[in-house]
Structure formats: structure tokens, C-alpha cells
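Residue numbers (this note's numbering): 1467 to 1617.
Virtual Cβ for every residue (Gly too), placed ideally from N, Cα, C.
Heads up: the structure comes next, in C-alpha cells.
Next comes the structure, spelled out in C-alpha cells:
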């Protein structure tokens, strides 16, 4: 009686297909959504980065999200922003969504520039306080003259 030794190896395709199923290709992801409401179709890389950001923030992407983004991307396009540029800005600033007005230099994401526009510089403040002080002194002097103290 001869002993036959058989080596069984796991199928290579099964492990590859499982790995592929866990990590979808960006091209496949792009074809899952209807970009008819967008000004143009985003590049695979930028869209993949935006999806990764949303996933990190636990924000699902649905057709409703895609349509809402399309409306804002049209507003952004009217301001001169390309789809990839607007989505890349979302990724860079950590925005899971977009409002076209956030792309304006004055408002930005946290409206910091807008707040700074209303602040006086130190020189402007000093000038304003000096002028107010002079006006106050002139008013006091005029009042004193009326009362006959003639300073």
C-alpha cells in the first residue's frame, strides 16, 4: 500500500476577490451615483478623497447627498470653481458638505475673514480714540466758556 500525499492550497482568487470587495475601486464608486445634477463628473481621485472624508465623519453618501452637492457645485461653478477644485477644498478644510458661499474669500469655512474685516487695526483705534478725546475736550471747553469759567 502506497501512501499518497496531497497538499491542498486555498484558492488564490478567493482571497483576492475578498480584498477587492473590501476596497472598491474609485471607477466603480463613480458609476454608483448619478452625477446628472453636477456641472461635471469629478476626477476619480478627488471624489475618492471626498468619500473617504465622509466615511471618516460617518456621513453616508446617498443620491440625496449627491443631488444637494450638485446644486451647491452649480453655485460654485457660477463663481468660477471647477467641481474638482470645490471638492478638493472640502477635503482640505474637512467639510463633509458644501455651501458655495463658503468658497468666498471673505467668509471661508469659519467666517474668520469676515470677523477680521470688522476689526480696527491698532493704528485706526488709536486715531479714533484720539479724535474722540479731542472732541470731548472741545465740548468741555465750550461748556466751561458758556458757564463763564473761561479756561
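For residue 1554, the nearest candidate out of 1515, 1598, 1504 (CA to CA): 1515
Backbone secondary structure at residue 1527 - three-state DSSP: coil
Buried/exposed call for residue 1571, threshold 16 Cβ in 10 Å: exposed
Under 9 Å between C-beta atoms of residue 1504 and residue 1557: no
Local conformation of residue 1595 per DSSP, three classes: helix
Straight-line gap, residue 1496 to residue 1517 (C-alpha atoms, nearest Å): 10 Å
Simplified DSSP state of residue 1545, which is helix, strand or coil: coil
Chain-order list of residues whose beta-carbon lies under 7 Å from that of residue 1525 (same chain, five-residue window excluded): 1562
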